[in-house]
Amino acid sequence: MTVRVRIAPSPTGYFHVGVGRTALYNWLYARRHGGVFIVRSDDTDAERSTQGYQDDILEHLRWLGLDWDEGVEVGGPHEPYRQSLRLGRYHEVADAFLAAGQAYPCFCTPGELDERRKAAMAEGRPPGYDGRCRQIPPAGAAARREAGEAASVRFAVPRPGATDFTDAVRGEMHIGHDHVDDFVILRSDGSPTYQLASSVDDVDFGITHVIRGEDLLSSTPKHILITGAMGGDPITYAHLSLLMGPDGRKLSKRHGDTALRAYRERGIIPEAMVNYLALLGWSPGEDETVVPLGDMIERFDLGDVSRNPAVFDPAKLEWMNGVYLRALEADDFVARALPLVEADVGRALDDDELGRLAFVAPLVQERAKLLTEIAPQVRFLFVDEVSYDEAAWDKVMGAEGVDGVLAAAIDALSAVPEWDTASIETALRGMLEARELSARKGLQPLRVAISGSSISPPLFESMEALGRTRTLARLAGCAARL
RNA sequence: GCCCCCAUCGUCCAGCGGCCUAGGACGCCGGCCUUUCAAGCCGGUAACACGGGUUCGAAUCCCGUUGGGGGCGCCA
Numbered sequence: 328m329t330v331r332v333r334i335a336p337s338p339t340g341y342f343h344v345g346v347g348r349t350a351l352y353n354w355l356y357a358r359r360h361g362g363v364f365i366v367r368s369d370d371t372d373a374e375r376s377t378q379g380y381q382d383d384i385l386e387h388l389r390w391l392g393l394d395w396d397e398g399v400e401v402g403g404p405h406e407p408y409r410q411s412l413r414l415g416r417y418h419e420v421a422d423a424f425l426a427a428g429q430a431y432p433c434f435c436t437p438g439e440l441d442e443r444r445k446a447a448m449a450e451g452r453p454p455g456y457d458g459r460c461r462q463i464p465p466a467g468a469a470a471r472r473e474a475g476e477a478a479s480v481r482f483a484v485p486r487p488g489a490t491d492f493t494d495a496v497r498g499e500m501h502i503g504h505d506h507v508d509d510f511v512i513l514r515s516d517g518s519p520t521y522q523l524a525s526s527v528d529d530v531d532f533g534i535t536h537v538i539r540g541e542d543l544l545s546s547t548p549k550h551i552l553i554t555g556a557m558g559g560d561p562i563t564y565a566h567l568s569l570l571m572g573p574d575g576r577k578l579s580k581r582h583g584d585t586a587l588r589a590y591r592e593r594g595i596i597p598e599a600m601v602n603y604l605a606l607l608g609w610s611p612g613e614d615e616t617v618v619p620l621g622d623m624i625e626r627f628d629l630g631d632v633s634r635n636p637a638v639f640d641p642a643k644l645e646w647m648n649g650v651y652l653r654a655l656e657a658d659d660f661v662a663r664a665l666p667l668v669e670a671d672v673g674r675a676l677d678d679d680e681l682g683r684l685a686f687v688a689p690l691v692q693e694r695a696k697l698l699t700e701i702a703p704q705v706r707f708l709f710v711d712e713v714s715y716d717e718a719a720w721d722k723v724m725g726a727e728g729v730d731g732v733l734a735a736a737i738d739a740l741s742a743v744p745e746w747d748t749a750s751i752e753t754a755l756r757g758m759l760e761a762r763e764l765s766a767r768k769g770l771q772p773l774r775v776a777i778s779g780s781s782i783s784p785p786l787f788e789s790m791e792a793l794g795r796t797r798t799l800a801r802l803a804g805c806a807a808r809l
């Protein structure tokens, strides 16, 4: 049987890193088994769903490289893949349940329910629905509905009873129906709840494995009950532990960023994000940390998924990003940096500038952890006037004898026959020797002078990239500014 | 309150009865390298929550305690 898995995000917020991880595990499982990965939009919450969030989700799924075989925007044999377009189908299923006595109308109002829930809590009873309307004879219920009385539809959970299933990551599960209330499948306004819509879709779309967050573990009996009532094939469930913030609480906005978009904007590249997310709860078995995507696909197994909650650690993510950044081909690195550099400079670079960027790029590549660190380090190459970092200026330019160093550097560099790194180095080292200065003391003012910062790519190469005229002008301008 | 899940270094993971004086990675600390910042290299720090069993032998199996997480919605 072909493996069919899905990710079904609800477009009620930006694409969350936790959803990203769940999507990744589903995708890996599908690719590992030659299965089908489906993207469905669980947009039954009309109030909170927006097109903007929907776009953000698909954009980031693509950004991560998680291509889907069926679903939203790409289509497939089970179109449409948006729940808001399948409302009729949910009613069909609910009506069938009603007719078969597997569901019943409930006339309790949200207010009453709320009151009873609070009372039950206060008395220490389970706060779930008490099943009151299940006693109403079908004929009477039908009459009341025809008379126009508002009613939701609840699933009649078999009592006594229990649901048993084997979770692919957690093992044998047994949940007594005492702890599963008669849940609503259709709201009184006729809209389907998540429980109904999601389960119906899983059956209709032929989903074989549901890999999702642990927060849905407790409601799995409901989904199994619906699947069974529909006569659908049993589905294998796999519940992933949740992602935590640094304080051990569920990862939320309080801990910083939960939106994948934020990490992307910070300069994380998708390869690193995928690798980091993959290892946040899954282990290839060996003591490996950097695992190429191909290996992941080959080795991914639900049995190797960790059951413990995992703390999302941005520091490790950034370290890993550095690893991937350094592993990039030189031109690939430039290609990824270019948009950020151009945005930083505020215009497109011309051919000459592109050449200069390509020249220094490998030097910044070996020291960058984030894509966003690049532009500030190469900016000095593309602006007419550098803005000096105040702290760097004060610290370096305030030192004794800086004016002499600048003058000597200008002299030495003016005399350089060929403007290349080696000649520049020779000239400057000669200057250092003549003035009996350490490289640390004698070069740092030059760095600040040409780059505006005490942090820059290596000096000699930077000067070559800048060009003789600009370098000299910047040194002179700096001397005048002292 | 009730139900479910989980429990190895600060963090992520390895370990699935003897190979464990518990391994790797991030972080942190120290050193080397060095024209800045990084990167790199070397070294160090640091954990089997607790208590009972089972067994010749438990990080590994069972029970309990404690702790953490999730759920108990006409949200998804």
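Per this note's numbering, the first sequence runs over residues 328 to 809.
Beta carbons are placed, not taken as given, at the ideal position from N, Cα and C, and that holds for glycine.
Task: Alpha-carbon spacing of Val507 relative to Met647, whole angstroms - done: Locating residue 507 in the first sequence gives position 180, where the first residue counts as 1. Locating residue 647 in the first sequence gives position 320, where the first residue counts as 1. Rounded to the nearest angstrom, the two C-alpha atoms are 43 Å apart.
Open item on the list: Just to confirm, is the Cβ distance from Gly362 to Val330 under 7 Å?
Closed with: For the purposes of this step, residue 362 is taken as the residue at position 35 of the first sequence. For the purposes of this step, residue 330 is taken as the residue at position 3 of the first sequence. Yes, the pair counts as a contact, with Cβ atoms nearer than the cut-off.
Open item on the list: I need the straight-line Cα distance from Glu625 to Gly438, nearest angstrom please.
Closed with: Taking the first sequence and counting its residues from 1, the one referred to as residue 625 is at position 298. Taking the first sequence and counting its residues from 1, the one referred to as residue 438 is at position 111. If you take the alpha carbons of Glu625 and Gly438, they lie about 53 Å apart.
TODO: Ignore the nearest five residues each way along the sequence and tell me which others in Asp631's own chain have a CB closer than 8 Å to its CB.
DONE: The count along the first sequence starts at 1 and reaches residue 631 at position 304. The residues are Trp609, Ser610, Pro611 and Gly612.
- [ ] Note down, in chain order, each residue of its chain lying with its Cβ closer than 7 Å to the Cβ of Pro597, except the 5 sequence neighbours on either side.
- [x] Looking up residue 597 in the first sequence gives position 270. Result list for Pro597: Trp390, Leu391 and Gly392, in chain order.
Open item on the list: At 4 residues or longer, what runs of the alpha helix (DSSP H) sit wholly inside the region 620 to 708?
Closed with: 620 to 626, 641 to 654, 657 to 672, 678 to 692 and 701 to 705
Task: Inter-residue spacing [alpha-carbon to alpha-carbon] between Asp424 and His360 - done: Here residue 424 refers to the residue found at position 97 when the first sequence is read from its first residue. Here residue 360 refers to the residue found at position 33 when the first sequence is read from its first residue. Sequence check: residue 424 is Phe here, not Asp. Between Phe424 and His360, the C-alpha separation is close to 35 Å.
- [ ] Following the continuous alpha helix (DSSP H) through His550, name the residue where it begins and the one where it ends.
- [x] Within the first sequence, numbered from 1, the residue matching residue 550 stands at position 223. Taken as a continuous stretch (DSSP letters only), the alpha helix (DSSP H) holding His550 covers Thr547 to Met557.
TODO: Note down the Cα distance separating Arg367 from Ala335, rounded to an integer number of angstroms.
DONE: Numbered from 1 along the first sequence, position 40 holds the residue referred to as residue 367. Numbered from 1 along the first sequence, position 8 holds the residue referred to as residue 335. Near 5 Å, if we compare the C-alpha coordinates of Ala335 and Arg367.
- [ ] Can you give me the Cβ contacts of Asp628 inside the same chain, cut-off strictly under 8 Å, excluding the 5 residues immediately before and after it?
- [x] Locating residue 628 in the first sequence gives position 301, where the first residue counts as 1. Around Asp628: Arg359.
TODO: Measuring alpha carbon to alpha carbon, tell me which of His566, Arg801, Thr436 and Arg706 ends up nearest Pro784.
DONE: Within the first sequence, residue 784 is the residue found at index 457, counting from 1. It is Arg706 whose Cα lies nearest to the Cα of Pro784.
Task: Close beta carbons around Ala734, own chain, < 8 Å, minus the five adjacent residues each side - done: Numbered from its first residue, the first sequence carries residue 734 at position 407. These residues qualify, in order along the chain: Ala806.
Open item on the list: My output table needs one value for Ala373: the three-state DSSP class, helix, strand or coil.
Closed with: By one-based count along the first sequence, residue 373 stands at place 46. Three-state DSSP puts Ala373 in coil, outside helix and strand.
TODO: Could you check which residue in Asp370, Leu690, Leu652 and Val537 has the C-alpha nearest to that of Thr563?
DONE: Start at 1 with the first residue of the first sequence, and residue 563 comes out as number 236. Ranking Asp370, Leu690, Leu652 and Val537 by Cα distance to Thr563 puts Val537 first.
Open item on the list: Let me make sure I understand the geometry here. Which of Leu764, Val484 and Gly403 has the alpha-carbon closest to that of Ile551?
Closed with: Against the first sequence, residue 551 aligns to sequence position 224. Comparing Cα positions, the closest option is Val484.
Task: Cα-Cα separation, Lys812 to Leu644 - done: Past the edges of the chain, shown from 328 to 809, lies residue 812, and the structure says nothing about it.
Task: Simplified DSSP state of Val312, which is helix, strand or coil - done: The first residue shown for the chain is 328 and the last is 809, placing residue 312 beyond what the model contains.
TODO: Leaving aside the five residues before and after Tyr715 along the sequence, list all residues of the same chain whose C-beta is less than 6 Å from its C-beta, in chain order.
DONE: Along the first sequence, read from residue 1 onward, the residue named residue 715 stands at position 388. So the qualifying residues of the chain are Gly779.
Task: Coil, strand or helix - Phe787 by DSSP - done: On the first sequence, residue 787 is found 460 positions in, with the first residue counted as 1. Looking at Phe787 - three-state DSSP - the assignment turns out to be helix.
Task: Segment contact, 8 Å Cβ cut-off, at least three pairs: the region 406 to 416 with the region 463 to 478 - done: no
Task: Alpha carbon of Gly398 to alpha carbon of Tyr431, nearest angstrom - done: Translated into the one-based positions of the first sequence, residue 398 becomes position 71. Translated into the one-based positions of the first sequence, residue 431 becomes position 104. Distance between the alpha carbons of Gly398 and Tyr431: 32 Å.
Open item on the list: Can you tell me whether Gln704 is buried or exposed? The criterion is at least 16 other CB atoms within 10 Å of its CB, across all chains shown.
Closed with: Residue 704 sits at position 377 when you count from the first residue of the first sequence. Gln704 comes out buried.
TODO: With DSSP as the reference, label Cys460 as helix, strand or coil.
DONE: Along the first sequence, read from residue 1 onward, the residue named residue 460 stands at position 133. Reduced to three states, the DSSP call for Cys460 is helix.
Open item on the list: Please report the distance separating the alpha-carbon of Pro573 from that of Val344.
Closed with: In the first sequence, counting from the first residue as 1, residue 573 sits at position 246. In the first sequence, counting from the first residue as 1, residue 344 sits at position 17. Distance between the alpha carbons of Pro573 and Val344: 15 Å.
Task: Contact between the region 654 to 665 and the region 683 to 694 (3+ Cβ pairs under 8 Å) - done: yes
- [ ] Report the rounded CA-to-CA distance for Arg472 versus Glu386, giving the unit in angstroms.
- [x] Within the first sequence, the letter at position 145 stands for residue 472. Within the first sequence, the letter at position 59 stands for residue 386. Straight-line Cα distance between these residues: approximately 44 Å.
Open item on the list: So, under 8 Å CB-CB, Ala605 and Val496 are touching, yes? Tell me the CB distance rounded to an integer number of Å.
Closed with: Along the first sequence, read from residue 1 onward, the residue named residue 605 stands at position 278. Along the first sequence, read from residue 1 onward, the residue named residue 496 stands at position 169. Incorrect: roughly 15 Å between the Cβ atoms, too far for contact.
TODO: Tell me Phe364's beta-bridge partners as DSSP assigns them.
DONE: For the purposes of this step, residue 364 is taken as the residue at position 37 of the first sequence. In the DSSP output, where bridge partners are listed per residue, Phe364 has Val332.
Open item on the list: Applying the 10 Å Cβ sphere with the 16-neighbour rule, what's the burial state of Arg808?
Closed with: Within the first sequence, the letter at position 481 stands for residue 808. Under this definition Arg808 is an exposed residue.
Open item on the list: Could you tell me the alpha carbon to alpha carbon distance between Glu374 and Phe434, rounded to whole angstroms?
Closed with: Along the first sequence, one-based indexing puts residue 374 at 47. Along the first sequence, one-based indexing puts residue 434 at 107. Going by the C-alpha atoms only, they are around 23 Å apart.
- [ ] Use the C-beta contact count for Arg674: other C-beta atoms within 10 angstroms, 16 or more gives buried, fewer gives exposed.
- [x] In the first sequence, residue 674 corresponds to position 347, counting from 1. Exposed.
Open item on the list: Within the continuous beta strand (DSSP E) that includes Ala565, where are the two ends?
Closed with: Here the question's residue 565 lines up with position 238 in the first sequence. Residues Thr563 to Leu567.
- [ ] Would you list, in sequence order, the uninterrupted beta strand (DSSP E) runs of no fewer than 3 residues that lie entirely inside the region 441 to 518?
- [x] 479 to 482, 489 to 494, 498 to 503 and 511 to 513
- [ ] Could you give the DSSP three-state label for Arg409: helix, strand or coil?
- [x] For this step, residue 409 is matched to residue 82 along the first sequence. In this structure, Arg409 counts as strand in the three-state DSSP scheme.
Open item on the list: Here's the rule: buried if 16 or more other CB atoms are within 10 angstroms of the residue's CB, otherwise exposed. What is Glu419?
Closed with: Looking up residue 419 in the first sequence gives position 92. Flag for Glu419 reads exposed.
Open item on the list: Here's the rule I'm using: 16 or more other beta-carbon atoms within 10 Å means buried, otherwise exposed. How should Lys445 be labelled?
Closed with: Residue 445 sits at position 118 when you count from the first residue of the first sequence. Its Cβ having fewer than 16 others within 10 Å, Lys445 is exposed.
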